[in-house]
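Please read the structure below before turning to the comments.
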Amino acid sequence: MRAADRAVETIQHEMTVFARRARASASRLHPELSLVSYTLLGHLEERDGCRATDLAAHYALDKSTVSRQVTALERAGLVERRPDPADHRVQVLHLTDAGRSILGQVTVSRRAAVGERLAEWSEEDLERFAGYLVRYNSWSRSG
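Below is the structure:
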């Protein structure tokens, strides 16, 4: 096996470990807020609201999956639907004050946990790692 193939295999394995850890830590940080829910809330905050179909398209998820997640977030009082000012037939999802508050709390906790894991890394390593992640995810969004 070529060195590049071994590296890709290692990257794929480590990304899987990373994703499993992220899912597990999300439930520890806030038992009612899964990693998917956290991600959806973050997207709604970033965009200042959007349609459920936009969430499904952005994350390449089935509409029924997003619908179930959004329904759970609505029941928990974290998300609300509002008519789109441009087209009253369309519903736009927005964070509630409770959703914004929980998202903020979990974000602070997640940042602290990641910061703790990376505390011994040099500034150069942190910048390089951040750059690689941005580069990888930028390609993933467009590819």
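Residue numbers for the sequence shown follow the UniProt record's numbering, beginning at 1 and rising by one. From the three backbone atoms N, C-alpha and C, an ideal C-beta is built for every residue, glycine too. Note that the structure is predicted; figures quoted are calculated from it, not measured.
ask   = What's the call for Tyr132, buried or exposed, on a 16-neighbour Cβ count within 10 Å?
value = Under this definition Tyr132 is an exposed residue.
ask   = For the UniProt domain "HTH marR-type" (1-138), which segments carrying the alpha helix (DSSP H) assignment without a break, of at least 4 residues, lie completely within its bounds, in sequence order?
value = Runs found: 3-29, 35-47, 52-59, 63-75, 97-117.
task = Could you tell me the distance, in whole angstroms, from the CA atom of Thr107 to the CA atom of Asp5?
result = For Thr107 and Asp5, the distance between alpha carbons rounds to 35 Å.
query = If Leu93 sits next to Leu61, beta carbons under 8 Å apart, how far is it from one beta carbon to the other, in whole angstroms?
reply = Taking a contact as a CB-CB distance under 8 Å, the pair Leu93 and Leu61 does not count as one, their CB atoms being some 14 Å apart.
ask   = Roughly how many whole angstroms lie between the Cα atoms of Ala76 and Asp97?
value = Rounded to whole angstroms, Ala76 to Asp97 spans 12 Å at the Cα level.
message = What does the alpha-carbon distance come out to for the pair Arg82 and Val70?
response = One alpha carbon belongs to Arg82, the other to Val70, and they sit about 13 Å apart.
task = Report the rounded CA-to-CA distance for Thr16 versus Val90, giving the unit in angstroms.
result = Straight through space, the alpha carbons of Val90 and Thr16 are spaced by roughly 37 Å.
message = Using only CA atoms, which one of Gln105, Ile11, Arg51, Val134 lies nearest to Glu80?
response = Closest option to Glu80, Cα to Cα, is Arg51.
query = Do you know how far the Cα of Phe18 is from the Cα of Ser122?
reply = Cα-Cα distance, rounded: 20 Å.
request  = Would you tell me roughly how many angstroms separate the C-alpha atoms of Leu118 and Arg128, rounded to the nearest one?
outcome  = Rounded to the nearest angstrom, the two C-alpha atoms are 13 Å apart.
Nearest to Asp48 (by Cα), restricted to the options Ala24, Ala7, Val8, Arg100 = Taking only the C-alpha atoms, the option nearest Asp48 is Arg100.
ask   = Out of curiosity, what's the CA-to-CA distance linking Ala3 and Thr10?
value = Going by C-alpha positions, Ala3 is about 10 Å away from Thr10.
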